[in-house]
Amino acid sequence: MAAHDSLKARAPGGPPVIVSLPTRDLARAFGFYRKGLGFELMVETEGDAMPEPVHFRLNAGVSLMLIPTGGFGWVAGGNRVAEQGVSECILGLSLEAEAQVDALIARAREAGAEVPAPPAKQPWGYSGTFKDPDGHVWMVDAAG
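Following my numbering, the numbering of the sequence shown begins with 3 at its first residue and continues without gaps.
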């Protein structure tokens, strides 16, 4: 059995994808995603305890892991973490309805996110963007 086939057995539709983001302040980032956005932990903890690693389930095949910048270089093979204000990628969440886009971006703003592009109709659909406390850009759109 090929390695890819063995991974496929773990998650319907293909191997699981883990998006890892560097953070300068793990506790702040944990609070933003857990309390601010309501993301579900992969492994629940007692009360408000922060797990190690900080790992959130986004859906059945995709999860988000937060890694302190000091350890990120080791994971990335010695590559430097991008300076704040430099975007190497845009993370996307596709929701079902415009109201869900509005609600998630409002939660992000209330939790301390910057909102460079408030939700609005665009030529490609309804979308908006926010930056988490470490400057990672998220685009949220309505699939319908």
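Built from N, CA and C at the ideal position, the CB exists for glycine as well.
Am I right that residue i and residue j are in contact with their C-beta atoms under 8 angstroms? What's the rounded C-beta distance?
| i | j | result |
| --- | --- | --- |
| G38 | A144 | Contact doesn't hold; Cβ gap of about 21 angstroms is too wide. |
| L60 | L23 | Contact doesn't hold; Cβ gap of about 12 angstroms is too wide. |
| A31 | D136 | 6 angstroms |
| Y128 | E100 | 5 angstroms |
| F58 | E48 | With 8 angstroms as the limit, F58 and E48 do not qualify as a contact, their Cβ atoms being about 17 angstroms apart. |
Helix, strand or coil for residue i? Go by DSSP, reduced to three states.
| i | result |
| --- | --- |
| W76 | helix |
| G94 | strand |
| A144 | strand |
| E116 | strand |
| V83 | coil |
| A108 | helix |
| A101 | helix |
In the DSSP output, which residue or residues are listed as bridge partners for residue i?
| i | result |
| --- | --- |
| Y128 | K123 |
| V139 | I92 and K133 |
Please confirm if the stretch 134-141 is in contact with the stretch 82-96, defined as three or more CB-CB distances below 8 angstroms between the two stretches. yes
In chain order, each alpha helix (DSSP H) run of at least 4 residues that lies wholly inside the stretch 3-71: 5-10 and 28-33
Touch check for the stretch 125-132 and the stretch 18-29: three-plus C-beta pairs under 8 angstroms? no
Should the stretch 110-129 be regarded as contacting the stretch 71-81, the criterion being three or more beta carbon pairs within less than 8 angstroms? no
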